[in-house]
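**Student:** Below is a structure I'd like to ask you about.
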Amino acid sequence: MSFSQQKKLFSISAVICVVLLVIAAFGDLQISNTVINYRSVFGTLFQSVGEFPQYLIFVISGQIALTFAFKMQGSVLFKYLLGSGGLAVSGWQLKQYLNEVESYFLSVSSNLDQHKPIGLANSDNAAAALSVGKAYWIWLLIFVILTVAFQYWLGHFQLETIQRLLLVAIF
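One point on numbering: in the UniProt record's numbering, the residue at position 104 of the sequence shown is 104, and numbering is uninterrupted.
Following this line, the structure appears as structure tokens:
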């Protein structure tokens, strides 16, 4: 792709992005109110599933850092710091997502018990939560499964590819 084509593609992308941002800034509430349905299982489910990509990006970024730490040759201190930092970011973001999901499911359960629409915001159960032990074991099980899966997947890449992915993950 030539420089002029790249410049043209970037310009078109920038204009589309600005238009979408303006629409989102002034029309988001109206769009949400038009399509929202608090009685919809679909809407309630995807309310929490829709947040997953935000957390998934950080989980994957941490896993990429961990893979890079395993594969790189160099300072042992840097490897341990990078690996433990990647593991910590990955685990922390997964825990944040699971906290969100738990809050939504407890809210849905409370709404069902009170015969309210399932997607309705409900802070009545803000103090309710899973026991610390249950929440920890659920998190640990999912974290181990995701870590094994991501390390298996990322283990097939060359170190140079992992290094490029790490640059993208950091920035």
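Note that the Cβ used here is the ideal one computed from N, Cα and C, for glycine as well.
Residues in its own chain within less than 7 Å of VAL59 by CB, not counting five upstream and five downstream?
**Tutor:** For VAL59, where only same-chain residues beyond five positions count, the Cβ hits under 7 Å are SER90, GLN93, LEU94 and LEU146.
**Student:** I believe LEU167 touches THR67 by the beta-carbon criterion, under 8 Å. Please report the beta-carbon distance rounded to the nearest angstrom.
**Tutor:** Between THR67 and LEU167 the Cβ distance is about 13 Å, and since that is not below 8 Å, they are no contact.
**Student:** Excluding sequence positions up to five away, which residues of its chain have a Cβ less than 6 Å from the Cβ of LYS79?
**Tutor:** Correct list, in chain order: ALA69.
**Student:** Assuming contact is defined by CB atoms lying nearer than 7 Å, are GLU102 and LEU130 in contact in what I supplied?
**Tutor:** Yes, the pair counts as a contact, with Cβ atoms nearer than the cut-off.
**Student:** Among LYS71, SER13, ILE16 and ALA14, which one has its Cα closest to the Cα of HIS156?
**Tutor:** Selected option, being the one with the closest Cα: LYS71.
**Student:** With a CB to CB cut of under 7 Å and the five nearest residues on each side skipped, what residues in its chain are close to ILE162?
**Tutor:** Cβ within range, chain order: ILE64, THR67, PHE68, LYS71 and LEU154.
**Student:** Please report the straight-line C-alpha distance between LEU17 and LYS8, rounded to a whole angstrom.
**Tutor:** Going by the sequence as given, residue 17 is Cys instead of Leu. One C-alpha to the other measures close to 14 Å.
**Student:** Can you give the beta carbon distance from SER138 to LEU98, rounded, assuming they're within the 8 Å contact cut?
**Tutor:** Rather than Ser, the amino acid found at residue 138 in this sequence is Ile. With a Cβ gap of about 7 Å, ILE138 and LEU98 count as contacting.
**Student:** Should ALA25 be labelled buried (16 or more other beta-carbon atoms within 10 Å of its own) or exposed?
**Tutor:** The residue is exposed, with fewer than 16 neighbouring Cβ atoms inside 10 Å.
**Student:** Which value, in whole angstroms, describes the spacing of the CA atoms of LEU82 and LYS116?
**Tutor:** Looking at the two C-alpha atoms, the distance is approximately 47 Å.
**Student:** Looking at the structure shown, is GLY130 part of a helix, part of a strand, or coil, going by DSSP?
**Tutor:** Sequence check: residue 130 is Leu here, not Gly. If DSSP states are grouped into helix, strand and coil, LEU130 belongs with coil.
**Student:** Look up GLY50 in the DSSP assignment and say whether it is helix, strand or coil.
**Tutor:** GLY50: coil per DSSP, three-state reduction.
**Student:** Would you call ALA149 buried or exposed, if buried means 16 or more other Cβ atoms sit within 10 Å of its Cβ?
**Tutor:** That one is exposed.
**Student:** Per DSSP, what kind of secondary structure is LYS95 in: helix, strand or coil?
**Tutor:** The answer is helix: DSSP assigns LYS95 an H, G or I state.
**Student:** Taking buried to mean at least 16 other C-beta atoms within 10 Å of its own C-beta, is VAL108 buried or exposed?
**Tutor:** Label assigned to VAL108: buried.
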